[in-house]
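To start, the structure under review is shown below, and the notes come after it.
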Amino acid sequence: RPDLYEALARLYKQKYKDHERASEFYAKAAALPDAARFDRRFSAYELSYCEGREREAYERLRALYYEGEQERLPTLITRLKFLEDKLKIPQGQRISDKKSSTAR
Numbered sequence: 013r014p015d016l017y018e019a020l021a022r023l024y025k026q027k028y029k030d031h032e033r034a035s036e037f038y039a040k041a042a043a044l045p046d047a048a049r050f051d052r053r054f055s056a057y058e059l060s061y062c063e064g065r066e067r068e069a070y071e072r073l074r075a076l077y078y079e080g081e082q083e084r085l086p087t088l089i090t091r092l093k094f095l096e097d098k099l100k101i102p103q104g105q106r107i108s109d110k111k112s113s114t115a116r
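In short: position in the sequence shown from 1, add 12, done, that's this note's numbering.
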């Protein structure tokens, strides 16, 4: 059941401040058939706070971003932009500052 993994993820995030374990439990929840849409996103968010795992978090968040508008939430964009700066992603490879990449 995804809700049990989600509860463990919240415990590790909030009580233990262990973002890596929180990410793992959100990922386990996301792998289940009846998982909430946010589980994959939350797993990537938590991973983005883990020293040494920034590149992996960036790739996961970027993949979510390119799934479409429904994934382009403020926190996702904020974490992506933070990682773009930290990883020194070239300007031409960064996400657009516009809400929609289709708007010109």
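Each residue gets a CB set at the ideal place from its N, CA and C atoms; glycine is no exception. Values in this document were obtained by computation on a predicted structure and should not be read as measured data.
At the C-beta level, A21 and F37 come within 8 angstroms of one another. Secondary structure of R72 (DSSP, three-state): helix.
In the DSSP annotation of this structure, the continuous segment of the alpha helix (DSSP H) that includes P86 starts and ends at 86 to 98. No Cβ-Cβ contact shorter than 8 angstroms links A75 with S55. Measuring C-alpha to C-alpha distances from D97 to each of R67, Y57, K25, A43 identifies R67 as the nearest. DSSP, reduced to helix, strand and coil, places L20 within a helical segment of the structure shown. The beta carbon of Y24 sits closer than 7 angstroms to those of D30, R33, A34, F37, all from its chain and outside the five residues before and after it, given in chain order.
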